[in-house]
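**Student:**
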Amino acid sequence: MDIIDRFKKYVSFDTTSSETLRPGKASTDRQYVLAKEIEKELKEFKPDELEINKYGVVRAVFKPKGEDTLPRVALFVHMDTSPAAKGFDIKPKVIDYKGGDIELSKGIVMKASDYPYLKKSIGHKLIITDGTTLLGGDDKAGCSAVMDFLEKLPGHRLNHRTLEVHFTTDEEVGEDAKHVSMDKVKAKFGITVDGEDLEEINIETFNAFAMHVDIQGFNIHPGTAKGRMINANEVAEEFDMALPRFQRPEFTEGREGFYHLCNMTAAEEHASMDYIIRDHDYQKAKWMCELAQHAGKALNEKYGKGRVTVTITETYRNMIEKVNECPESVKMITDAFKSLNIPYSFVPVRGGTTGSQLSFMGLPTPNIGDGDFNPHGRFEYVDATQMALTSKVLAKMFED
Ligand SMILES: [Zn+2]
Numbered sequence: 003m004d005i006i007d008r009f010k011k012y013v014s015f016d017t018t019s020s021e022t023l024r025p026g027k028a029s030t031d032r033q034y035v036l037a038k039e040i041e042k043e044l045k046e047f048k049p050d051e052l053e054i055n056k057y058g059v060v061r062a063v064f065k066p067k068g069e070d071t072l073p074r075v076a077l078f079v080h081m082d083t084s085p086a087a088k089g090f091d092i093k094p095k096v097i098d099y100k101g102g103d104i105e106l107s108k109g110i111v112m113k114a115s116d117y118p119y120l121k122k123s124i125g126h127k128l129i130i131t132d133g134t135t136l137l138g139g140d141d142k143a144g145c146s147a148v149m150d151f152l153e154k155l156p157g158h159r160l161n162h163r164t165l166e167v168h169f170t171t172d173e174e175v176g177e178d179a180k181h182v183s184m185d186k187v188k189a190k191f192g193i194t195v196d197g198e199d200l201e202e203i204n205i206e207t208f209n210a211f212a213m214h215v216d217i218q219g220f221n222i223h224p225g226t227a228k229g230r231m232i233n234a235n236e237v238a239e240e241f242d243m244a245l246p247r248f249q250r251p252e253f254t255e256g257r258e259g260f261y262h263l264c265n266m267t268a269a270e271e272h273a274s275m276d277y278i279i280r281d282h283d284y285q286k287a288k289w290m291c292e293l294a295q296h297a298g299k300a301l302n303e304k305y306g307k308g309r310v311t312v313t314i315t316e317t318y319r320n321m322i323e324k325v326n327e328c329p330e331s332v333k334m335i336t337d338a339f340k341s342l343n344i345p346y347s348f349v350p351v352r353g354g355t356t357g358s359q360l361s362f363m364g365l366p367t368p369n370i371g372d373g374d375f376n377p378h379g380r381f382e383y384v385d386a387t388q389m390a391l392t393s394k395v396l397a398k399m400f401e402d
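Using the numbering used here, the letters of the sequence shown map in sequence onto residues 3 to 402.
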């Protein structure tokens with residue numbers, strides 16, 4: 003099957019995941035529909051093991067043609083799409099991109115000046131939306147590339163290596179690593195195919211913490227409040243001001259970490275705030291957490307014990323320390339890029355990947371891109387030339 007037709011087929015399935023999780027199953031029933039279809043397609047390649055687990059994760063294992071002498075590797079792609087934008091009734095359109103602005107539909111224009119990396123796709127085939135939905139290239143470009151690679155692989159088997167493939171669910175809501183049947187993962191390392199520019203390899207993610215701040219005020223009639231009222235609104239503001247003002251998402255990039263206030267509810271009597279704390283450097287991230295704890299402590303010294311409670315929990319960690327313990331996982335990728343003459347660079351992800359969880363579950367898992375750009379929004383597009391090249395990179399990686 004042509005990889006673009008395959009991609010169009012996959013995005014015709016609505017697989018939007020949901021922030022409202024369900025115990026013991028995927029967050030939405032619709033993800034199982036594509037899982038069934040993927041299972042059917044994989045079956046044609048005659049895998050040695052094939053199953054869908056209760057979370058809708060499809061797992062296939064292909065034993066090698068010859069002797070099983072090379073380390074087993076697991077590929078991961080996710081079938082769900084982000085709940086951040088409409089993910090059904092998608093109308094993918096293929097264009098030959100010659101540069102400039104793209105009119106997605108009447109009155110909806112993707113401006114080249116807003117998306118400077120569009121320049122890289124001049125001369126390529128692009129798959130775009132009509133500007134009213136996301137495209138679903140995150141991660142159906144990855145699903146298409148892996149399936150295309152398996153289809154073209156002679157005998158659908160590697161020569162000397164067992165290959166595992168996992169089509170996961172609920173990645174967009176941070177659950178997919180937990181949905182994988184880890185007891186059945188026998189690979190030495192994994193690779194996620196879930197990214198943007200194919201030329202950017204990810205072996206680093208943020209270290210991530212979640213911080214909840216609870217503030218108990220003391221409310222009293224404002225007319226008689228002097229010296230007595232503790233206004234939780236004001237204490238919340240004071241706490242926020244105590245954090246470095248310019249260490250926020252809107253002022254940071256590259257390796258600069260941040261505090262991000264996601265939401266707050268506040269009244270005189272009680273306030274609560276939810277933050278995320280992010281940095282690529284674990285020690286620095288820990289120090290940022292300490293600084294926030296200290297702000298809570300200082301406010302308690304000012305307003306009385308127990309007014310401010312700061313609770314910080316670790317969400318995920320930078321996978322680099324685990325990936326570095328398995329250099330062959332990265333070498334396999336870079337060797338393939340080199341022999342195909344594709345330029346590449348290592349770009350630290352300003353977020354987490356499935357690999358940041360898997361790596362700490364014992365499976366070092368770097369990430370490669372697949373040509374999907376502007377994910378999670380109406381201006382998402384897939385550089386189909388890069389997506390097709392991703393399949394070739396996989397073939398090169400596993401040619402031994
Ligand atoms: Zn993704």
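Note that the Cβ used here is the ideal one computed from N, Cα and C, for glycine as well.
Since we're looking at a predicted model, the values are computed, not measured.
Spell out a yes or no on whether the segment 134-150 and the segment 72-90 are touching, meaning 3 or more CB-CB pairs, one atom from each, closer than 8 angstroms.
**Tutor:** yes
**Student:** Residues in its own chain within less than 7 angstroms of Ser361 by CB, not counting five upstream and five downstream?
**Tutor:** Met321, Lys324, Val325, Thr367, listed in sequence order.
**Student:** Please return the same chain residues whose Cβ sits closer than 7 angstroms to the Cβ of Asp2, not counting the five positions on each side in sequence.
**Tutor:** Limits of the chain in this structure are 3 at one end and 402 at the other, which puts residue 2 out of reach.
**Student:** Would Phe64 and Leu136 be called neighbours here (beta carbons separated by less than 8 angstroms)?
**Tutor:** no
**Student:** Measure the alpha-carbon distance for Glu53 versus Thr171 and round it to whole angstroms.
**Tutor:** 14 angstroms
**Student:** For Leu165, which residues does DSSP report across the bridge?
**Tutor:** In the DSSP output, where bridge partners are listed per residue, Leu165 has Phe64, Val75.
**Student:** Can you say whether Thr22 is buried or exposed, counting buried as having 16 or more other CB atoms within 10 angstroms of its CB?
**Tutor:** exposed
**Student:** Over the uninterrupted alpha helix (DSSP H) stretch that includes Gly144, give me the two end residues.
**Tutor:** 139-154
**Student:** Which of the three DSSP states is assigned to Phe249 in this structure?
**Tutor:** The question names Phe, but residue 249 in the sequence shown is Gln. In this structure, Gln249 counts as coil in the three-state DSSP scheme.
**Student:** Would you say the beta carbon of Asp199 is closer than 7 angstroms to some non-hydrogen atom of ligand 1?
**Tutor:** Relative to ligand 1, the beta carbon of Asp199 is positioned no closer than 7 angstroms to any heavy atom.
**Student:** Any idea if Glu177 is buried or exposed, counting beta-carbon neighbours within 10 angstroms, 16 or more meaning buried?
**Tutor:** buried
**Student:** Are three or more beta carbon pairs between the segment 368-377 and the segment 228-247 nearer than 8 angstroms?
**Tutor:** no
**Student:** Counting C-beta neighbours from all protein chains within 10 Å, is the total for Asn209 16 or more, i.e. buried, or is it exposed?
**Tutor:** That one is buried.
**Student:** Is Cys264 helix, strand or coil by DSSP?
**Tutor:** strand
**Student:** Can you tell me whether DSSP reads Phe381 as helix, strand or coil?
**Tutor:** coil
**Student:** Any chance you could list the residues with Cβ under 6 angstroms from a heavy atom of ligand 1, keeping chain order?
**Tutor:** His80, Asp140, Asp141, Glu173, Asp196
**Student:** Buried or exposed: Thr207, going by 16 or more other Cβ atoms within 10 Å of its Cβ?
**Tutor:** buried
**Student:** Using a Cβ-Cβ cut-off of 6 angstroms (strictly less than) and excluding sequence neighbours within five positions of Ser183, which residues of its own chain qualify?
**Tutor:** Asn55
**Student:** Glu303 to Lys188, Cα distance in whole Å?
**Tutor:** Distance between the alpha carbons of Glu303 and Lys188 is about 53 angstroms.
**Student:** Could you tell me the distance, in whole angstroms, from the CA atom of Lys307 to the CA atom of Gln249?
**Tutor:** 28 angstroms
**Student:** By DSSP, does Lys213 sit in helix, in strand, or in coil?
**Tutor:** The sequence given here has Met at residue 213, not Lys. In the structure shown, Met213 sits in a strand (DSSP, three-state: E or B).
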